[in-house]
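Accompanying notes for the structure given below.
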Amino acid sequence: MAEKISNRKVFFNPFSKDNPVLVQILGICSVLAVTVKLAPALAMGLSVIAVLAFSNVIISILRKTIPTNIRIIVQLVVVAGLVVIVSQLLQAYAYDVSKQLSVFISLIITNCILMGRLEAFAMANRPWPSFLDGVGNGIGYTIILVSVAFFRELLGSGTLFGFRVVPQALYDAGYVDNGLMILPPMALVVVACIIWVQRSFNKDLQEK
Amino acid sequence: MNKESKSYTLLYTMALVMIVGSALAYTAITLKDRQQANIDADKMRQILASVRITPAADSIVESYRHYITDSYVVDASGNRLEGDNAFDVNVGAQMRLPGGERELPVYVCTLADGSEKYILPLYGSGLWGPIWGYVSLDSDAAVVYDAYFAHQGETPGLGAEIQKPAFSSQFVGKRIFLDDRFMPVTVVKAGRAPSDGRDYVDAVSGATITSKGVADMLDNCLLPYRAFLENLSRQNQTH
Amino acid sequence: MENLNLFIRSIFIDNMIFAYFLGMCSFIAVSKNVATAFGLGVAVTFMLAITVPANYLITTYVLGPGALVWAGPEFADVDLSFLSLIVFIAVIASLTQLVEMVVEKYSPSLYASLGIFLPLIAVNCAILGGSLFMQQRGFDSVATSFCAGSGWGIGWLLAITAVAAVRERVAAYSNVPAPLRGVGITFIITALMGIAFMSFLGIKI
Numbered sequence: 001m002a003e004k005i006s007n008r009k010v011f012f013n014p015f016s017k018d019n020p021v022l023v024q025i026l027g028i029c030s031v032l033a034v035t036v037k038l039a040p041a042l043a044m045g046l047s048v049i050a051v052l053a054f055s056n057v058i059i060s061i062l063r064k065t066i067p068t069n070i071r072i073i074v075q076l077v078v079v080a081g082l083v084v085i086v087s088q089l090l091q092a093y094a095y096d097v098s099k100q101l102s103v104f105i106s107l108i109i110t111n112c113i114l115m116g117r118l119e120a121f122a123m124a125n126r127p128w129p130s131f132l133d134g135v136g137n138g139i140g141y142t143i144i145l146v147s148v149a150f151f152r153e154l155l156g157s158g159t160l161f162g163f164r165v166v167p168q169a170l171y172d173a174g175y176v177d178n179g180l181m182i183l184p185p186m187a188l189v190v191v192a193c194i195i196w197v198q199r200s201f202n203k204d205l206q207e208k
Numbered sequence: 209m210n211k212e213s214k215s216y217t218l219l220y221t222m223a224l225v226m227i228v229g230s231a232l233a234y235t236a237i238t239l240k241d242r243q244q245a246n247i248d249a250d251k252m253r254q255i256l257a258s259v260r261i262t263p264a265a266d267s268i269v270e271s272y273r274h275y276i277t278d279s280y281v282v283d284a285s286g287n288r289l290e291g292d293n294a295f296d297v298n299v300g301a302q303m304r305l306p307g308g309e310r311e312l313p314v315y316v317c318t319l320a321d322g323s324e325k326y327i328l329p330l331y332g333s334g335l336w337g338p339i340w341g342y343v344s345l346d347s348d349a350a351v352v353y354d355a356y357f358a359h360q361g362e363t364p365g366l367g368a369e370i371q372k373p374a375f376s377s378q379f380v381g382k383r384i385f386l387d388d389r390f391m392p393v394t395v396v397k398a399g400r401a402p403s404d405g406r407d408y409v410d411a412v413s414g415a416t417i418t419s420k421g422v423a424d425m426l427d428n429c430l431l432p433y434r435a436f437l438e439n440l441s442r443q444n445q446t447h
Numbered sequence: 448m449e450n451l452n453l454f455i456r457s458i459f460i461d462n463m464i465f466a467y468f469l470g471m472c473s474f475i476a477v478s479k480n481v482a483t484a485f486g487l488g489v490a491v492t493f494m495l496a497i498t499v500p501a502n503y504l505i506t507t508y509v510l511g512p513g514a515l516v517w518a519g520p521e522f523a524d525v526d527l528s529f530l531s532l533i534v535f536i537a538v539i540a541s542l543t544q545l546v547e548m549v550v551e552k553y554s555p556s557l558y559a560s561l562g563i564f565l566p567l568i569a570v571n572c573a574i575l576g577g578s579l580f581m582q583q584r585g586f587d588s589v590a591t592s593f594c595a596g597s598g599w600g601i602g603w604l605l606a607i608t609a610v611a612a613v614r615e616r617v618a619a620y621s622n623v624p625a626p627l628r629g630v631g632i633t634f635i636i637t638a639l640m641g642i643a644f645m646s647f648l649g650i651k652i
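Protein chains in written order, with our numbering: chain A, 1 to 208; chain B, 209 to 447; chain C, 448 to 652.
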């Protein structure tokens, strides 16, 4: 399917029209868990971009040699290897971030975006488009992650990246942070609202 | 070569496992020291936080060496155990042993004004996972100097509040000996008081289980230190 | 008693869907009707109940720091925990394959109803999440791992069946705004149920 699509489309489509989270509904698990604050959300997004791009390239290079019946296992092993390397690097160079992400960094392995892209794209395309596809989808995923985290941190804690943005005067006037936004279920509601907005503009994505 | 044949599949798997395995082993080994250094620095930061010292990220080890002038391990009868490094004691693992058999780490901090504070580690469980902390005592072991609490995954806005100074600073100046009886500070719902008259702080409202976890942690972790603290208070009180 | 408590906790409080949002991808995709949702739930429960104890044994006797002591004192310093992730996923993938083969051979009727879900499970984050939580929380026996694993599984089953039931009704009777139909409204239903499940916090047996 993808042979004729230009590299530019491969790269930019996942940002909105073909967004892995909103449209393909992949990788929801981690979106919800790490979006209380912006900083870990961004770190998670960058890790996913890195793992997705490299695993796409590796699988794409290997695609002609992989025996079909152990295809899934090969993909899992490559992804798992990369994830472990990323998580080790984080523990060594960004310890605070790795503490906040805890098990969710390991759960990148089962992030369906990865398996989805490897199966659908990297197995059928050459390394360079696969790399673009990986980075594009990673960015599409990060956009959602960061925008969910933006609303949750702003409304839930009154801060952005840990800096206070809601002025003290507002608190003095009786404003309170919405504690509900910090709780995990609200992430789902925020994603649902983003889907709502996005599908109002892209009518062809609406169901039924 | 037939890439669907059994031998090819087998060889392929083996080669893949070898390559990935060695890549992982290489990263793990090269990064190990750095990771351990991070973990140690984080622990030092927490220990220092319990005596209100908050160094910048790059000078944690330095200030730890500067302020923590001594550290040792005692047993439940207050005797020093030789040869054990307080910093290496895994408090979480010790908590699974009965109180009498635990190795109890003590850190001695000398502040800029020359006064000595004794820092004791705490470890317990909250609602979602482990909670831990450090409590510092004045040199006569009479009152709490300050405390630091941390958690792994308590509910943000509720249980997670124990990490904030608003909660931990309540411990400042609380007594742990009442009429020569050893009674660690406890945590009770705001507006109530414990029936046995001991000193207490207000629980985080809405976080009953986490607050109870802190109270239990204080009891479980501090009671084994009783003999050590009684000695300490006898030595240092008379002056 | 301790284990029973953990079991109940794993179902209601530490619910994989409502508290951790693990296994959401298949959860969203398969919760359109109750019968299929139940089938996948049973498969997930089964896999969690066997993979968590299996990975517990591997962590304790092969991968953890000093776990290889049984093989000889010279192995006491070996710490292979950096391999745990890759081993967990391999164990899950191969157990899935194994269960699929066994079920197919001995119970074709069960295979017919469950079989189609098994391949979905290797990449279900709830399963891997179970093993990672086991490692992170330092469970100390096979029984504990089994109770937590099966509890998480039943919690997942409960969640997907309940949401599927609501979705069936919503699809048939409610006038949902067009852009929210399908995925959007499912997110909101799940969120509301998640908030409701928070009232189980603090239950202790």
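Glycine included, C-beta positions come from ideal geometry on N, C-alpha and C.
The C-beta of Ile536(C) has 16 or more other C-beta atoms within 10 Å across all chains shown, which makes the residue buried. In the structure shown, the three-state DSSP call for Glu615(C) is helix. Non-local C-beta neighbours of Gly308(B) in its own chain, meaning closer than 6 Å and more than five positions away in sequence, comprise Ala284, ordered along the chain. Closer than 8 Å at the C-beta level to chain C, one finds these residues of the segment 101-114 of chain A: Ser102, Val103, Ser106, Leu107, Ile109, Thr110, Asn111 and Cys112. When the alpha-carbon of Asp346(B) is set against those of Gly322(B), Gly291(B), Pro338(B) and Trp340(B), the nearest one is in Gly322(B). For the segment 451-475 of chain C, residues whose beta-carbon sits nearer than 9 Å to a beta-carbon of chain A comprise Phe465, Ala466, Tyr467, Phe468, Leu469, Gly470, Met471, Cys472, Ser473, Phe474 and Ile475.
The continuous beta strand (DSSP E) containing Tyr353(B) extends over residues Val352 to His359. For Gly602(C) and Ile25(A), the gap between their C-alpha atoms comes out near 22 Å. Pro329(B) carries a strand assignment under DSSP once its states are collapsed to helix, strand and coil. With a cutoff of 7 Å on beta-carbon distance, Tyr503(C) and Met581(C) are scored as near each other.
Annotated three-state conformation of Arg288(B) is strand, per DSSP. Residue range Lys214 to Ala257 is occupied by the alpha helix (DSSP H) that includes Leu224(B). Under the 10 Å beta carbon count, Trp599(C) is surrounded by 16 or more other beta carbons and is classified as buried.
For Leu604(C), no chain A residue has a Cβ inside 9 Å of its Cβ, as the nearest lies near 17 Å away. Three or more Cβ pairs closer than 8 Å define a contact, and the segment 76-87 of chain A falls short of that threshold against the segment 143-151 of chain A. With fewer than 16 other Cβ atoms from the protein chains shown falling within 10 Å of its own Cβ, Val516(C) counts as exposed. Interface flag for Ile28(A) against chain C is set, since a Cβ pair is found closer than 7 Å.
Here DSSP, grouped into helix, strand and coil, assigns Asp133(A) to helix. Within 7 Å of the CB of Ile72(A), no CB atom of chain B is found; the nearest one sits about 12 Å away. For Ile339(B), the enclosing beta strand (DSSP E) covers residues Pro338 to Asp346. The Cβ atoms of Val282(B) and Leu312(B) lie closer than 7 Å to each other.
Distance from the Cα of Leu335(B) is smallest, within the candidate group Tyr408(B), Ala435(B) and Pro364(B), for Pro364(B).
In the DSSP assignment, Tyr408(B) falls within the unbroken beta strand (DSSP E) covering Tyr408 to Asp410.
At a cut-off of 7 Å, the C-beta of Tyr331(B) has no neighbouring C-beta in chain A.
Taken through DSSP and simplified to helix, strand or coil, Arg383(B) comes out as strand. Non-local C-beta neighbours of Lys325(B) in its own chain, meaning closer than 6 Å and more than five positions away in sequence, comprise Val259, Cys317, Ser344 and Tyr353, ordered along the chain. For Thr633(C) and Ile49(A), the gap between their C-alpha atoms comes out near 27 Å. Cβ-Cβ separation between Phe644(C) and Ile28(A): approximately 18 Å, too far for a contact (criterion under 8 Å). CA-to-CA, the gap between Gly488(C) and Ala559(C) works out to about 15 Å. Closest option to Pro432(B), judged by alpha-carbon separation, among Arg310(B), Leu440(B), Pro338(B) and Arg242(B): Arg310(B).
One thing to note: Val10(A) has its Cβ within 7 Å of the Cβ of Leu132(A). Shown here, Ile276(B) sits in a strand according to DSSP, grouped into three states. Contacts with chain B (Cβ-Cβ distance below 7 Å) from the segment 34-65 of chain A involve Val36 and Thr65, listed in chain order. Chain-ordered, the chain B residues with CB closer than 9 Å to the CB of Pro67(A) read Lys211, Glu212, Ser213, Tyr216, Thr217, Tyr220 and Thr221.
In the assembly as shown, Thr35(A) is a buried residue. Its beta-carbon has 16 or more other beta-carbons within 10 Å.
Scanning the segment 65-121 of chain A for uninterrupted beta strand (DSSP E) segments of 3 residues or longer gives nothing; none is fully contained.
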